[in-house]
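Encoded as structure tokens, the structure appears first; notes follow it.
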Amino acid sequence: MTPAPERSLEQRVDALARANAIRSARAELKRRLKRDTTLKLALQALDGLDEELELIRVDGAPPPANYLHSMKAYDLLIALPGFGRVKANKVLARNAVSPSKTLAGLSTRQRLMIRAELELVARARATAGRIGRFTTTPTERAA
């Protein structure tokens, strides 16, 4: 196996700065998701509509391109109000998505199924007028 080429100090510093910018943009997105009770922002992030996320700026700098692509679907769900580890894992399991899958790695079917579940949750919240406990699937509603 061929070893990776040596990188100059300038290249390593540049790569570190890009990685930090991506992490900062994702952290800011998670903070916004936690405050978004309508789940509109989550649906946009799931669709990968970077340009519609009002350019999440960290320290005045625009976010790096494709910062959503490396975000895990599990992390997106965990950041939503009313979602914890158990609920996020249930949503992913119902849609045959590994918790380590990134948003860019989701198939069209997986993305649409998760989106449909989030829309159902958003409608239930709008109807109930609260964030607390609510049903997420028709089978849970019937029980």
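All residue numbers for the sequence shown refer to this note's numbering, where the first residue is 191 and numbers rise by one.
Glycine included, each C-beta is placed from N, C-alpha and C at the ideal position.
Owing to the predicted nature of the structure, the values given are computational and were not obtained by experimental measurement.
Identity of the residue in A318, S297, M303 nearest H259 by Cα: For the purposes of this step, residue 259 is taken as residue 69 along the sequence shown, with counting starting at 1. Among A318, S297, M303, the Cα nearest to that of H259 is on S297.
Any contact between the region 223–231 and the region 263–277? By contact I mean 3 or more CB pairs, one from each, below 8 Å. Taking one beta carbon from each stretch, the region 223–231 and the region 263–277 have 3 or more pairs nearer than 8 Å; the two touch.
If you run the structure through DSSP and keep just helix, strand and coil, what is K291? Indexing the sequence shown from 1 puts residue 291 at position 101. DSSP places K291 in coil when its eight states are reduced to three.
Starting from K262, follow its DSSP beta bridges and name the residues at the other end. Along the sequence shown, read from residue 1 onward, the residue named residue 262 stands at position 72. T292.
Spatial distance of L337 from L233 (CA atoms): The requested residue 337 is not part of the displayed model; the chain covers only 191 to 333.
What would DSSP say about S214, mapped onto helix, strand or coil? By one-based count along the sequence shown, residue 214 stands at place 24. Helix, per DSSP.
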